[in-house]
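All remarks here apply to the structure that follows.
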Amino acid sequence: MSIWGVLAINSITFGGLLFLLSAGFSLIFGLMRIPNLTHGSLFMLGGYVGASMVLAYDLPFWLAALIAAAAMAAFGGLIERFLLRRLAGALQAQVLVTLGIAFIVADFCLMIWSGDPISVRTPSALAGGTRVDGLFFPTYRIAIIVIAVIVAAVLWALLDRTRLGAMIRAGVDDPQMARVVGIRVSRLFTMVFCLGAALAGFGGLMGAPILTVYPGLDFDMLPLALVVVILGGVGSLLGSLVGSIVIGFIYNFGLVMVPELAYFVLFLPMVVVLVVRPQGLFGKQAP
Amino acid sequence: MTATRIGLLVAAVVMVTVPLWVPGDYYISVCSQILIYAIFALSVDVLLGYAGLVSLGHAGLFGLASYTVAVCLGAGFGHVAAIAAAIGLTLAGTAVFAALSLRTTGIGFIMITLALGQIAWGLAYRWVSVTNGDNGLSVAHRPAPFGFQLDAPSHFYYATVVVFVLAVLATWIFVHSPFGASLKGTRDQPRRMNALGYHVWLIRFYACLFSGFLVAVAGILFVYYTEFVSPPTVSLTSSAEPVLMVISGGSGTLFGPIVGAILIEIVKNVASAYITRWNMMLGAIFVAIIMFMPEGLVPGTMQLVRQLLKARTKTVATVEPTSSGPVP
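Note that the protein sequences, when read in sequence, are chains V and B.
In this text, residue positions in the first sequence follow the working numbering: the first is 1040, and each later residue adds one.
In this text, residue positions in the second sequence follow the working numbering: the first is 6, and each later residue adds one.
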């Protein structure tokens, strides 16, 4: 019984990390129509940068997480401004450029941080466990869940309750009409790209104590983000949240029950959704 | 047209005489590798250039063919059975791939093929009982078709040349057939094709199957070439390389992917001799070509040549305006 409880907590934790990754991915895709293939790389690079801040400069974990997020936001902004912007309209070229950057980042990380996995210790305040209803849970995992919920709430408030959010939603629904009514959609592009990159970088360090940071983390996480977005629907925050948790459960339970095929069973919800509802559970249009 | 024929003749002579003038077995093997990757690139080009569908999961199918051969041989089957099984299984895999990814086109297609390719990688890496995980599978010996031993690099090279020529011919016939024309129609004007009564989805599906057949051939050659297959063969890098070959050489041509394969394989082999950062270079070439020569090297160069020729005839025409024939 308690094994299943722990597994469930792990699944939700992993779902929370996936949400940090895929919320930005989904927003970028929804607004700019670019599947940003550097997203996994931003997650990994954020993890590496944050881990270096903690291990080499002895910075507090949360400060390092913020630095990682800021660094990825800046990096994402540069990619958007100097590469993707110049290819406006050429979607295929944009996808392939992001893939090229992903290869460069992967090799760069291998060069700087070597091939050994880097693990970061959980922040001391969150080490140990918490007793919930007679079961003992690692505090750090609960903290990730709390953070994911807070990020989801903040993003929801931003998108649904502010003027900026209304502009972004207008850009997602109909970019041309949004331009006509005077919204600077290109500036929204940069902002959303930076926001998505920051979330991915933040998630990278948040995941470091659990997943460790290792070469190949980028292309381990990217397909998961893709599957989440296909499952949940493009540009939908709720879709990302539900999709992340579903994938978190399938992945973790798959790892325990069919360890050799864990990666394969992820494929099943995607197949079902593609066949039954191609636009995703909460999506408005097909990807 | 004569220029094309001379070009083909030169290419044929160069291809046949390679083992005579290339210094050493290593370089003959590199030539085999180029031809194998050229077939791989052609299979990607059938979809990318003629159907407008970018697949980032083709290494999954390539690996499926390679792994099937290795697993079948390991289980004690003969070469004919292993090759037949590889082609059959890869075609079946392609059908599943296509059925899922053809639910969308454009970006959706890229995303779904990428996810499917990564799932194939995950299987190769983690399904240890079949694929032997990270250690990969090796193939004990190459086949001997019609009693012709393929163990020597030059012998294997000639076998590869034969398969390569057949593959190029098949692709030429395929894209120049009425079916190829209708495929190009679905790329440029899917709605009109639909209105004209063509079954757009089915045309794309058949194109995927043909592409799957070519990639199976490339995968089978590859596993016999390296006599080994491991998860990196199925990785995303491995899917991206043929896409880069097609785009750098020029998509929608038969010549482009071959030129791209020659270029990328040479860069890869030369680069790996001097630096270990191949992926970084691959990424940088990718970004540079897409930013600066998006239409590819072959069409780009041809356009440049045509412009130069035009500029020349123009100057001639201004000197003697009445000498040329009727204005088109």
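No residue lacks a Cβ here, since even glycine has one placed at the ideal position from N, Cα and C.
In this text the structure is predicted, and so the values were computed from the model without any measurement.
Which of helix, strand or coil DSSP assigns to residue i
| i | result |
| --- | --- |
| V/A1103 | helix |
| V/T1137 | helix |
| B/T9 | helix |
| B/V310 | helix |
| B/T327 | With a pLDDT of only 45 at B/T327, under 50, the local geometry of the prediction cannot be trusted, and the value read off the model is given with reservation. Here B/T327 sits in coil by DSSP. |
| V/R1170 | strand |
| B/P28 | coil |
| B/F82 | coil |
| B/S71 | helix |
| V/L1056 | helix |
| B/L107 | coil |
| B/A276 | helix |
| V/V1281 | helix |
| V/F1321 | coil |
| V/L1197 | helix |
| V/I1073 | coil |
| B/S240 | coil |
| V/I1157 | strand |
| B/V173 | helix |
| V/L1305 | coil |
| B/L142 | strand |
Candidates the options, of which the one nearest residue i by Cα
| i | options | result |
| --- | --- | --- |
| V/L1084 | V/V1310, V/G1242, V/F1288 and V/L1070 | V/G1242 |
| V/R1125 | V/F1228, V/I1222, V/A1217 and V/A1182 | V/F1228 |
| V/S1275 | V/A1062, V/L1057 and V/S1041 | V/A1062 |
| B/Y72 | B/I33, B/W126 and B/P304 | B/W126 |
| B/S159 | B/C77, B/A64, B/P24 and B/R10 | B/P24 |
| B/W132 | B/G62, B/S235 and B/V248 | B/S235 |
| V/T1169 | V/A1196, V/P1177 and V/V1224 | V/P1177 |
| B/V228 | B/F67, B/L53 and B/D50 | B/F67 |
| B/L69 | B/V18, B/F210 and B/L219 | B/L219 |
| V/L1130 | B/I44, B/I39, B/I112 and B/V167 | B/I112 |
| B/T165 | B/T306, B/C36, B/P304 and B/V19 | B/C36 |
| B/V135 | B/S244, B/S34, B/V74 and B/A56 | B/V74 |
| V/F1258 | V/H1078, V/I1184, V/G1128 and V/G1235 | V/H1078 |
| B/M146 | B/G138, B/G93 and B/G83 | It should be noted that the sequence gives His, not Met, for residue 146 of chain B. It is B/G83 whose Cα lies nearest to the Cα of B/H146. |
| V/F1321 | V/V1273, V/A1145 and V/V1310 | V/V1273 |
| B/M285 | B/R311, B/A245 and B/D30 | B/A245 |
| V/I1207 | V/L1059, V/V1193, V/A1192 and V/S1225 | V/S1225 |
| V/S1041 | V/F1175, V/F1100, V/R1202 and V/A1110 | V/F1175 |
| B/A56 | B/P195, B/W177, B/P237 and B/A64 | B/P195 |
| B/Q38 | B/T231, B/A200 and B/K189 | B/T231 |
| B/G217 | B/H63, B/A16, B/G12 and B/L14 | B/H63 |
| B/V173 | B/I11, B/A278 and B/A17 | B/A17 |
Residue i vs residue j beta-carbon contact at 7 Å
| i | j | result |
| --- | --- | --- |
| V/F1142 | B/G265 | no |
| V/G1014 | V/F1053 | Past the boundaries of the shown model lies residue 1014 of chain V; chain V is included only from 1040 to 1326, so the question cannot be answered. |
| V/G1154 | V/P1074 | no |
| B/I225 | B/A90 | no |
| B/A223 | B/I88 | no |
| V/G1319 | V/G1271 | yes |
| V/V1134 | B/I115 | yes |
| B/V251 | B/L58 | no |
| B/I208 | B/S182 | no |
| V/V1267 | V/L1057 | yes |
| V/V1231 | V/L1070 | yes |
| B/V248 | B/A129 | no |
| B/T176 | B/L94 | no |
| V/L1059 | V/L1238 | yes |
Where residue i meets chain V, residues with beta-carbon distance less than 8 Å
| i | result |
| --- | --- |
| B/F291 | L1135, V1136, L1138, G1139 and F1142 |
Chain D contact for residue i (CB, 7 Å cutoff)
| i | result |
| --- | --- |
| V/F1121 | In the displayed structure, chain D is absent; the protein chains listed are V and B. |
Neighbour list for residue i in chain V, Cβ cutoff strictly below 9 Å
| i | result |
| --- | --- |
| B/N284 | F1142, I1143, A1145, D1146 and L1149 |
Residue i: contacting residues in chain B (beta-carbon distance under 9 Å)
| i | result |
| --- | --- |
| V/L1265 | M116, I117, L119, A120 and Q123 |
| V/L1305 | A120, I124 and G127 |
| V/Y1096 | By Cβ distance, chain B contributes nothing, its closest Cβ being about 26 Å from V/Y1096, past 9 Å. |
Within chain V, the residues that residue i reaches when beta carbons sit closer than 7 Å
| i | result |
| --- | --- |
| B/L58 | Near B/L58 there are no residues of chain V at all, since even the closest Cβ is about 10 Å away, more than 7 Å. |
| B/L241 | F1258 |
Interface residues of chain B facing residue i [CB-CB closer than 7 Å]
| i | result |
| --- | --- |
| V/I1067 | Chain B residues near V/I1067: none, gap ~12 Å exceeds 7 Å. |
| V/R1072 | I112 |
| V/L1117 | The contacting residues do not exist; V/L1117 stays about 13 Å from chain B at best. |
Contact set between residue i and chain B, taken where Cβ atoms lie within less than 8 Å
| i | result |
| --- | --- |
| V/L1130 | G111 and I112 |
Flag this pair as touching only if the segment 141-154 of chain B and the segment 1300-1320 of chain V have three or more C-beta atom pairs under 8 Å; answer yes or no.
Touching, no, given that fewer than three Cβ pairs across the two stretches are closer than 8 Å.
May I ask you to verify whether the segment 1294-1307 of chain V touches the segment 1055-1071 of chain V, counting CB pairs closer than 8 Å and requiring at least 3?
No, the segment 1294-1307 of chain V is not in contact with the segment 1055-1071 of chain V.
Quick test of the definition: if touching needs 3 or more C-beta pairs under 8 Å, does the segment 244-263 of chain B touch the segment 296-311 of chain B?
In short, these stretches touch, since the Cβ pair count reaches three.
Validate contact between the segment 100-111 of chain B and the segment 260-280 of chain B using beta carbons, cut 8 Å, 3 pairs
The segment 100-111 of chain B is not in contact with the segment 260-280 of chain B.
Do the segment 1302-1309 of chain V and the segment 1260-1270 of chain V make contact, defined as three or more Cβ pairs closer than 8 Å?
Result yes; three or more Cβ-Cβ pairs closer than 8 Å.
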